[in-house]
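Undergrad:
2 protein chains.
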Amino acid sequence: MTKSPTVYDVAAAAGVSTATVSFTFRNPGRVKESTREAVLAAAKLLGYVPNASARSLARGRTGSLGLFAYDFMWNATDRRAPAGQPLPASHLLQGEPYDDFRLFPVYLDEVQRGFEMQCWRRGFELILGGRKDEFGENIINEIAGRVDGVAVFPRRLSADTLAHVSRRIPVVEFAPGGDGGAYCHITADNASGMGMIAGHLMTEHGMGDFVFVSSASNADSEERRTAFNKVLEGSGLPLRDDLDHAPATIARDLAELRDAGLFPQAFVCASDLVALEVIDALTALGVSVPEDVAVTGFDGVVAGAVSTPGITTIRQPMGDMGRLAADMLIARSSGETTENESVVLPVRMIVRGSCGCA
Amino acid sequence: MTKSPTVYDVAAAAGVSTATVSFTFRNPGRVKESTREAVLAAAKLLGYVPNASARSLARGRTGSLGLFAYDFMWNATDRRAPAGQPLPASHLLQGEPYDDFRLFPVYLDEVQRGFEMQCWRRGFELILGGRKDEFGENIINEIAGRVDGVAVFPRRLSADTLAHVSRRIPVVEFAPGGDGGAYCHITADNASGMGMIAGHLMTEHGMGDFVFVSSASNADSEERRTAFNKVLEGSGLPLRDDLDHAPATIARDLAELRDAGLFPQAFVCASDLVALEVIDALTALGVSVPEDVAVTGFDGVVAGAVSTPGITTIRQPMGDMGRLAADMLIARSSGETTENESVVLPVRMIVRGSCGCA
DNA sequence: CTGAAAGCGCTAACAT
DNA sequence: ATGTTAGCGCTTTCAG
C-alpha cells in the first residue's frame, strides 16, 4: 500500500513495453503466450492492480452506472433515529424483524436490487451514491462524473440539476414525467392502479365514501390522488378533503374525523407505508381495521404483506423498474439510442385483509 | 453528450485558468467571489460536470469503497431461474411476497445495507461489484482498482487473490479468519451462537439427540458445526453424522432417516435458509415441525421470521458487520491503522416456533 | 488571488 | 507481435 506498482513497473520487470502490459490485461489474445506469462508473473510478483481511474480517463468510459439513492435511505434511517441524533448502535432489523419491515426493504430497495442485477448481467459496475450532502445539489457530480449513466430517485435533485447532468450522461428518474423531457422517466401506472383500488372498493365492498391520505409532496402521490378523484367524479361520488400523512398531524386529523362522526368507509392511502401509519393511528384511537373502516395502500412492499391485517395494495414492478433503468442507460450511453423516453410500467392489485376481504 | 466540456473549456469561457476552475469546485474559499461566480456561470452554461476519473487519478484517492457481492446474489437469482435460462420477465417479489423472502433480503443484503449507510455517513461512494466473471478472479481488479478499500463476501475469491489485492488497498472479508492474516476479517460469533442453540434445546426442551445439517462448504457453516459438536461432546451426548443440505439429496436423506426410524429430536441447521429447506422437505414427507421434530436455524434473516413456523435462530448483527467493514476500510485507507484485524461480533438468540416453543 | 505546468496511470493509434 | 508516444481531465505545487 506504499507506492503501488504501475504498468511501468510491470513493464520494466517483465522486460516489455507498457502497451504490452496493457494488452495482456485487456486483450490477451494479442500477446504471445510466453510474453503474457512473463507479464502476469511480474504483475503477481509486484502486486500490481490496474488503476481503474486511469483506465476510465484514457478510455473515456467508466463501465459503471450510478444510482443516486440519497433521499429515501436517509429518511428511512431517521425513522428510528430522529435527525441529528446518532444512530442507535445497531439499527437494522436487530430486534424481532417485524417492526423493521417498514424500513427495509422498501420500494427503493427493491428497485435498487433490480438495477444491480441488470448492471451485473450487462457487465457494468454499480456506483451507489447517497453521500450526506454538503454542497447542495452539486453532490450529484460525485456520481455523474464517475459513471456512464445515472438513475435517480425523486425529490432530492431538481429538474434543473438533472437536465444539467443529462447533457453529459444519460439520466433516468424514477418518477412520472411527460414526454419530451430533458431526461428519461420510469414510473408505475399510478392511474390504473388507483382505478383498480377504487373499482375493488366500490364493486366488491359497495363503498362510496372515501378519504385519500397523501404522502409528502411527491409526484407519484399526486398522480394517485388525481387518478382516484377522477374515478370518483366519473362515478358521481363526492370528493372529500385529503388528509396529509405527516406523523405530527395524522393522528390528530383522524381523531377529529372520528369525533365528528365523519369517518369514511375507507382511507385510500398513497403508499403502503402511509397505510401502515394510518392503521397505527386508528388502532391507537381504538378503531379496528377493517372492521370499522377499510384502508388501502400502494406499492406492494414487504411491510404491507407481513402486517396484520395485510394491506390491500397495488404492486409496482419494482425489480423491473430498476432493470429497465439500467437497460435504458446502457442503450443511451453506447449511443444506441438518443431520445429521452418516459416509460409507464403496468401494475397489479394484491388483495389482502385491510380492505375487508377475507 | 457529444464532447463533454472540461476544465479547459470552463476556464476559457470564464477567462481564468484551469487551476482557478478546479479551486472553485474543490476549495471555493480560495477564490474571489466574483471569480467564483464567473466560473460557476460558465460551468452551468457549458453543462460542465467534473470527471471523477481524472480527479481520482490526479489525487491518488477515489473517495469510494467497494463491495464485492458476486456469489450470493447470483445464486439467489438462480434459485428462481436455473443457471443458463433467462430470468423470468419479473423475478423480484412479484407474487405474494411470502415465497420470495427466501431470496431477498438475505444475509448479504442486510450486511450490504449496513455498509452502504456507513459509506454515506463517512462521505464515501459505494461501488458494488458482481459482474459476471469472464476472467477468473481477475474480476476483482475491476473493483480493486477503483476504490480505496474493498469488502468481499466469502467463497468467490481465493485467499491468494485477496492477499494480492490487499497489497494495494485494505480488504475485509466477511468470513472467519485467524489473526495475523493478509487482510481483515469480520464474522459473527458462531461458537457462542451454537452454544445458545444447544443450550436452549437441551435445557428448555430436554433434548439430547441431534443431527446437524450443514450448508455447502462454507467456513461459517463449518465453524458452527464444530462448535455444536463440541457442546455435545462436552455434555457427553452422541455425535451423529451430519446431513448436507444440497437440494438434490436432502429430501432423500431425510426420507431414509425417517424410514429407518432414526429421526433425531432436532435438526440443527447451519443457516435459516437451510432450516427452511429442511422444513419443506419434512413437510413433503408428512412430518410436522415442531410437533414431530424440532428445527433450528442461524442468521436471523427475514424469511425465518415470516415463515410458519417461525425459525428459532441466532441473529447475526448483519447491519453492524457492514458498518464495521466500512469503518475498518476507511481507517486503513487513510493510514490511520495498518494492521489487519479479525473481528468477531456478538450474536443473540431469537426463539420462535420451530424448536417447539410457543 | 490567480496562472503555468508537471504529472497521475493507462490506452490506443501509429510505428516498427 | 511489440514498442513509442500523445493524450485523457484534473489537481497541485510553485511562481507571480
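Order-wise, the sequence lines are chains E and D.
First residue of the first sequence? That's 1 in my numbering, and the numbers climb one at a time after it.
First residue of the second sequence? That's 359 in my numbering, and the numbers climb one at a time after it.
In this text, a Cβ means the ideal position worked out from N, Cα and C, and glycines have one as well.
(1) From E/Lys229 to E/Thr296, what distance separates their C-alpha atoms?
(2) Grouping DSSP H, G and I as helix and E and B as strand, with all else coil, what is E/Ile143?
(3) Give me, in chain order, the residues of the same chain whose beta-carbon lies closer than 7 Å to that of D/Val389; leave out the 5 immediate sequence neighbours on both sides.
(4) Enumerated in chain order, which unbroken segments of the beta strand (DSSP E) with a length of 3 residues or greater are wholly contained in the segment 135-206 of chain E?
(5) Can you check the segment 24-78 of chain E for any alpha helix (DSSP H) of at least 4 residues that lies completely inside it and give the ranges in chain order?
(6) The beta strand (DSSP E) that contains D/Gly487, what's its start and end?
(7) What residues match up with E/Ser342 in a beta bridge as DSSP calls it?
(8) Are D/Thr364 and D/Tyr406 close, meaning C-beta to C-beta below 9 Å?
(9) Consult DSSP for E/Leu324 and reduce its assignment to one of helix, strand or coil.
(10) When we look at the beta-carbon of E/Asp160 and count the other beta-carbons within 10 Å, is it buried (16 or more) or exposed?
(11) In this structure, how does DSSP classify D/Cys627 when only helix, strand and coil are distinguished?
(12) Between D/Ser550 and chain E, is any beta-carbon pair separated by less than 9 Å?
(13) Could you tell me which residues DSSP puts in a beta bridge with D/Thr670?
(14) For E/Arg224, which residues in chain D fall below 7 Å Cβ to Cβ?
(15) In chain order, what residues of the same chain have a beta carbon less than 7 Å from the beta carbon of D/Ser573, not counting five sequence neighbours either side?
(16) I'd like to confirm the pairing. Which residues does DSSP put opposite D/Ile708 in its beta bridges?
(17) Distance check for E/Ala188 and D/Gln452, CA to CA, integer angstroms please.
(18) Where do the ends of the alpha helix (DSSP H) carrying D/Ser572 lie?
(19) D/Asn409 versus chain E: which residues are under 8 Å apart at the beta carbon?
(20) Can you check whether the C-beta of D/Gly488 is within less than 9 Å of a C-beta belonging to chain E?
(21) Beta-carbon of E/Met202 versus every beta-carbon of chain D: anything under 9 Å?
(22) Apart from the five residues on each side of it in sequence, which residues of its chain come closer than 6 Å, Cβ to Cβ, to E/Arg332?
(23) Give the C-beta separation of D/Glu483 and E/Ile143 to the nearest angstrom, bearing in mind that I take them to be a contact with Cβ-Cβ under 8 Å.
(24) Which term fits D/Arg710, buried or exposed, when burial requires 16 or more other beta carbons within 10 angstroms of its beta carbon?
(25) Closest Cβ-Cβ distance between E/Asp109 and chain D: below 9 Å?
(26) DSSP state of D/Leu451, grouped into three classes?
(27) What number of angstroms, rounded off, separates the C-alpha of E/Arg252 from the C-alpha of E/Gly63?
(28) Whose C-alpha, out of D/Val647, D/Ala661 and D/Gly418, is nearest the C-alpha of D/Ala463?
(29) What I want to know is whether the C-beta of D/Ser691 ends up closer than 8 Å to one or more non-hydrogen atoms of the ligand ATP.
(30) Short of 7 Å in beta carbon distance, which residues of its chain neighbour E/Ala42, apart from the five on each side in sequence? Order them along the chain.
(31) Does the segment 230-240 of chain E come within contact of the segment 185-202 of chain E, defined as at least 3 CB pairs closer than 8 Å?
(32) Roughly how many whole angstroms lie between the Cα atoms of D/Ser362 and D/Leu466?
(33) Going by beta-carbon coordinates alone, are E/Ala182 and E/Arg155 separated by less than 9 Å?
(34) Who are D/Leu597's beta bridge partners in DSSP?
(35) CA-CA distance, E/Ala305 and E/Arg102?
(36) Determine which residues share a DSSP beta bridge with E/Asp244 and list them.
TA: In short, the structure shows the following:
(1) If you number the first sequence from 1, residue 229 of chain E lands on position 229. If you number the first sequence from 1, residue 296 of chain E lands on position 296. At residue 229 of chain E the sequence reads Asn, which differs from the Lys that was named. Going from the Cα of E/Asn229 to the Cα of E/Thr296 covers about 15 Å.
(2) On the first sequence, residue 143 of chain E is found 143 positions in, with the first residue counted as 1. Helix.
(3) For the purposes of this step, residue 389 of chain D is identified with residue 31 of the second sequence, where counting begins at 1. Correct list, in chain order: Thr378, Phe381 and Thr382.
(4) If we require 3 residues or more, the beta strand (DSSP E) runs fully inside the segment 135-206 of chain E come out as 150-152, 171-173 and 184-188.
(5) 33-46 and 52-59
(6) Mapped onto the second sequence, residue 487 of chain D falls at position 129. Glu483 to Gly487 is the extent of the beta strand (DSSP E) around D/Gly487.
(7) Here the question's residue 342 of chain E lines up with position 342 in the first sequence. BP columns for E/Ser342 point to E/His185.
(8) Residue numbering aside, residue 364 of chain D sits at position 6 when the second sequence is read from its first letter. Residue numbering aside, residue 406 of chain D sits at position 48 when the second sequence is read from its first letter. In contact: D/Thr364 and D/Tyr406 (Cβ atoms closer than 9 Å).
(9) The sequence position of residue 324 of chain E within the first sequence is 324, counting from 1. Looking at E/Leu324 - three-state DSSP - the assignment turns out to be helix.
(10) Position 160 of the first sequence, counted from the start, is the residue given in the question as residue 160 of chain E. Exposed.
(11) Taking the first residue of the second sequence as position 1, residue 627 of chain D is located at position 269. Looking at D/Cys627 - three-state DSSP - the assignment turns out to be strand.
(12) Translated into the one-based positions of the second sequence, residue 550 of chain D becomes position 192. Cβ-Cβ to chain E under 9 Å: no for D/Ser550.
(13) For the purposes of this step, residue 670 of chain D is taken as residue 312 along the second sequence, with counting starting at 1. Bridge pairing for D/Thr670: D/Thr654 [DSSP].
(14) Here residue 224 of chain E is taken as the residue at index 224 of the first sequence, counted from 1. Under the 7 Å cutoff, chain D gives no residues; its nearest Cβ is about 20 Å from E/Arg224.
(15) Locating residue 573 of chain D in the second sequence gives position 215, counting from the first residue. The residues are Ser579, His603, Ala628, Ser629 and Val632.
(16) For the purposes of this step, residue 708 of chain D is taken as the residue at position 350 of the second sequence. Answer is D/Thr671, bridged to D/Ile708.
(17) Residue 452 of chain D sits at position 94 when you count from the first residue of the second sequence. Residue 188 of chain E sits at position 188 when you count from the first residue of the first sequence. Legend: pLDDT at D/Gln452 = 44, less than 50; position of this residue unreliable, no value from coordinates given.
(18) What you label residue 572 of chain D is simply residue 214 of the second sequence in a count that begins at 1. For D/Ser572, there is no enclosing alpha helix (DSSP H); the residue is found in the beta strand (DSSP E) stretching over Phe568 to Ser572.
(19) Locating residue 409 of chain D in the second sequence gives position 51, counting from the first residue. Result: Leu57 and Gly145.
(20) On the second sequence, position 130 is the one that residue 488 of chain D refers to. Chain E places a beta carbon closer than 9 Å to that of D/Gly488, counting this residue as a contact.
(21) Stepping through the first sequence from its first residue, residue 202 of chain E is reached at position 202. So no, E/Met202 is outside the interface.
(22) As a first step, residue 332 of chain E must be located in the first sequence, where it is residue number 332. Listed in chain order, the non-local C-beta contacts of E/Arg332 below 6 Å within the same chain comprise Pro170, local neighbours out to five positions each way being set aside.
(23) Position 125 of the second sequence, counted from the first residue, corresponds to residue 483 of chain D. Position 143 of the first sequence, counted from the first residue, corresponds to residue 143 of chain E. Indeed, because the Cβ distance is near 7 Å, the residues count as touching under 8 Å.
(24) Numbered from 1 along the second sequence, position 352 holds the residue referred to as residue 710 of chain D. Buried, by the Cβ-count rule.
(25) As a first step, residue 109 of chain E is located in the first sequence; it is residue number 109 there, counting from the start. It does; some Cβ of chain D falls within 9 Å.
(26) Taking the second sequence and counting its residues from 1, the one referred to as residue 451 of chain D is at position 93. Residue placement at D/Leu451 is poorly supported in this model, since its pLDDT is 40, which falls under 50; the coordinates still yield a value, given next. Coil, per DSSP.
(27) Along the first sequence, one-based indexing puts residue 252 of chain E at 252. Along the first sequence, one-based indexing puts residue 63 of chain E at 63. If I take the Cα positions, the gap works out to 51 Å.
(28) In the second sequence, residue 463 of chain D corresponds to position 105, counting from 1. Here residue 463 of chain D turns out to be Pro, not Ala, going by the sequence shown. Answer by Cα proximity: D/Ala661.
(29) Questions concerning the ligand ATP fall outside what the structure shown contains, since it holds no ligand whatsoever.
(30) Looking up residue 42 of chain E in the first sequence gives position 42. Same-chain partners within the cutoff: Val10, Ala13 and Ala14.
(31) yes
(32) Against the second sequence, residue 362 of chain D aligns to sequence position 4. Against the second sequence, residue 466 of chain D aligns to sequence position 108. Looking at the two C-alpha atoms, the distance is approximately 38 Å.
(33) What you label residue 182 of chain E is simply residue 182 of the first sequence in a count that begins at 1. What you label residue 155 of chain E is simply residue 155 of the first sequence in a count that begins at 1. Not a contact, by the Cβ cut-off of 9 Å.
(34) Working through the second sequence from its first residue, we reach residue 597 of chain D at position 239. For D/Leu597, which the question treats as bridged, DSSP gives no partner whatsoever.
(35) To locate residue 305 of chain E, count along the first sequence from 1; it is residue 305. To locate residue 102 of chain E, count along the first sequence from 1; it is residue 102. Rounded to the nearest whole angstrom, the CA to CA distance from E/Ala305 to E/Arg102 is 10 Å.
(36) Locating residue 244 of chain E in the first sequence gives position 244, where the first residue counts as 1. E/Ser214, per the DSSP bridge assignment.
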